[in-house]
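The next block holds one structure in the form of structure tokens; read it before the comments.
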Amino acid sequence: MTDLADLTLLEAATALRSGDVSSRELTQACLERIEALEPKIHAFLSLTPDLALKQAEDADRRLSEWRKESVDPPPLTWGIPMAIKDVLCIEGVPTTCGSRILEGFRPPYTATSVERLISSGAVVLGKTNTDEFAMGSSTENSAYGPTLNPWDLTRVPGGSSGGSAASVAANVCYAALGTDTGGSVRQPASFCGVTGIKTSYGRVSRYGLIAYGSSLDTVGALAHSAADLLPIFHVISGHDPLDSTSMPEPVPNIALDDTDLTGLRIGVPKEYFIEGMQGEVETAVQEAVRVLESLGAVAREISLPHTDLALPVYYIIAPAEASANLARYDAVRYGPRIEAEDLRGQYFATRGALFGQEVKRRIMLGTYALSAGYYDAYYGQAQKVRTLIKDDFESAFKEVDLIACPVAPTTAFRIGEHSEDPLSMYLEDVFTLPANLAGVPGIAFPIGFDTDRLPIGMQLNAPHLGEAILFKTTYAYQEATSWHKERPSL
Ligand code: GLN
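By numbering that gives the first Met the number 0, the letter at position 18 of the sequence shown is numbered 17, and the numbering carries on one by one without gaps.
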């Protein structure tokens, strides 16, 4: 018999509905796998086995009632064990954002996205590792040590949702929530050979997501395929009165039943094929575009002329917003405190000791960019250029239905490879940042391997609130290929 943890989300959901397995059995299979693999990959910052088993039992009870009453089937998320990135609050469950400054913090409320998942029957296994406050591209910035890539334990899983991506890749859960401010769902999905959806800005409530860059932050999810992700997307999306930036537009009911892409217009931006990128990534993306063409799509080169400005603009706007958002960690309201002579001394001592290097770097960059005399030159200017980047996407989407491009210039790099050089780390995000600046959705999914057998991913972007086309196109690709079925040998 195959290990239950090896099932995909949809296979597990089908087995649950038919009564072949119970949620308790699925949950136990995941917990056992976590126990076996955590010493190798370190995907979790905390586990919630008691909560998980209780949720599983509740789910089983409802499932058997449903079967007896033969009423409408429950949502596909019902009884499915999942992992949650440790930047999303769950009432009473430790939430650290990968930072010492929130060690021991147990939020008094649950994030809307998680609340909706739990209400739809999902089982929460634990909180996954992340770069501190989601600042990073490798999960090496976690104060609790890095997560390792299940495909090669000497490599990073990507970041900042590296724990979520690694836990899906290692089959210790059926899906995981992540967040994406500049690429943090898509890039780790690509590095770990899984599928990850970054939703449109405003599609999923940010209530209970601990803020990094408020105008860029989005909640997303990771699983093995678009078909596995879709039920989660349906559950977590939609307006939330607790988040004034969440969109009132109804969430479309997306059906994945058609793999014919006839008439789909795909744009491949020439600015996304840059000097220095790994040749195998470029070749694999071109090959994946050919697969989409063989399904009926028409691809052509397009231009997003301001692409090269996305990186400098992001590294003004994101740190600026972060510096404001992180001001609340004042050693008074949350987490541990390092006492000093006076209040000011207490701020300095606590923030100096308990924030990591990268977080402090961003706070300094952001504070500088926002300070009187520099605001117009940096922040104001960056906002204007952000509009140009958004306009690039809007003009492109007048001519094509979606954009196909690489996720990152390379496959998973070695632990430590970029740690000493923040700029080289920031460059890992060149292809993912523009979507966050423009607020548009993106999906990343596996399209092959490099010669070291490291997964390669491709990204699709669609107009704002255009997730349906991302799911449908990825589904068509995944019905025609089997890259998403490959698993690491651990
Ligand atoms: N790597 C980018 C950063 O460090 C993006 C991170 C994210 O999306 N949370 O800001």
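In this text, a Cβ means the ideal position worked out from N, Cα and C, and glycines have one as well. These numbers were taken from a predicted model, which means no experiment stands behind them.
- Contact annotation: the stretch 266-280 touches the stretch 301-316, with at least three C-beta pairs closer than 8 Å.
- In this structure, the beta-carbon distance from G219 to T178 falls below 8 Å.
- With contact defined as three or more Cβ pairs closer than 8 Å, the stretch 147-166 and the stretch 182-194 are in contact.
- F430 has its alpha-carbon roughly 21 Å from the corresponding atom of A225.
- In this structure, the straight-line span from the alpha carbon of V399 to that of R264 is close to 5 Å.
- Of the candidates Y314, R486, Y474 and A407, A407 places its Cα closest to the Cα of V280.
- Ranked by how close their Cα comes to the Cα of L221, the residues I100, K197, N140 and G212 have K197 in first place.
- When the five nearest sequence neighbours on each side are left out, the beta carbons in the same chain lying within less than 6 Å of the beta carbon of T244 are those of G201, in order along the chain.
- G103 sits away from G135, with the two beta carbons spaced by 8 Å or more.
- Comparing alpha-carbon positions, the option among L325, E340 and W482 lying closest to A133 turns out to be L325.
- Listed as beta-bridge partners of F392 by DSSP are no residues whatsoever.
- When DSSP reads this structure, K383 sits in no beta bridge, so it has no partner.
- Comparing C-alpha distances from S98 to each of Q356, I337 and A368 shows the shortest one belongs to Q356.
- In the three-state reduction of the DSSP assignment, L30 falls in the helix class.
- Taking a contact to require three or more Cβ pairs closer than 8 Å, the stretch 418-433 and the stretch 304-322 qualify as touching.
- Between P335 and the set A443, L353, G144 and R361, the nearest pair of CA atoms involves L353.
- For N170, there is no enclosing beta strand (DSSP E), as DSSP marks it with neither H nor E.
- In this structure L260 is buried. Its beta-carbon is surrounded by 16 or more other beta-carbon atoms within 10 angstroms.
- One thing to note: D85 has its Cβ within 8 Å of the Cβ of L44.
- In its chain, beyond the 5 residues on either side, N148, W150, D151, R154, V155, P156, G157, F190, C191, L453 and P454 have a beta carbon closer than 8 Å to the beta carbon of A411.
- When secondary structure is reduced to three states using DSSP, P107 falls in the coil class, being assigned neither helix nor strand.
- If you check the CB distance, C88 and T95 do not come in under 8 Å.
- Here N324 carries a helix assignment [DSSP, helix/strand/coil].
- Runs of the beta strand (DSSP E) spanning 3 or more residues and lying entirely within the stretch 138-222 occur at 174-179, 194-197 and 217-222, in chain order.
- If you ignore the 5 residues before and after N170, its C-beta comes within less than 7 Å of the C-beta of A4, D5, R32 and R486, all in its own chain and listed in chain order.
- Pairing A58 with V123 gives a Cβ-Cβ distance that is not under 8 Å.
- Look at G355: its beta carbon is at least 7 Å from all of the heavy atoms in the ligand GLN.
- In the three-state DSSP reduction, G18 falls in the coil class, being neither helix nor strand.
- For K126, the pairing in a beta bridge is given by DSSP as S45 and I83.
- Within its own chain, the residues whose Cβ lies closer than 7 Å to the Cβ of G91, once the five positions on either side in sequence are excluded, are R105, listed in chain order.
- Placement of the Cβ of T178 at a distance of less than 7 Å from at least one heavy atom of the ligand GLN is found.
- Contact check for A330 and Y346: beta-carbon distance about 6 Å, within the 8 Å limit, so the pair qualifies.
- Across the structure, E466 and A348 are spaced so that their CA atoms are roughly 45 Å apart.
- For A188, the shortest C-beta to heavy atom distance toward the ligand GLN is 7 Å or greater.
- A straight-line Cα-Cα distance of about 23 Å links V184 and A254.
- Relative to the non-hydrogen atoms of the ligand GLN, the Cβ of G438 never comes closer than 7 Å to any of them.
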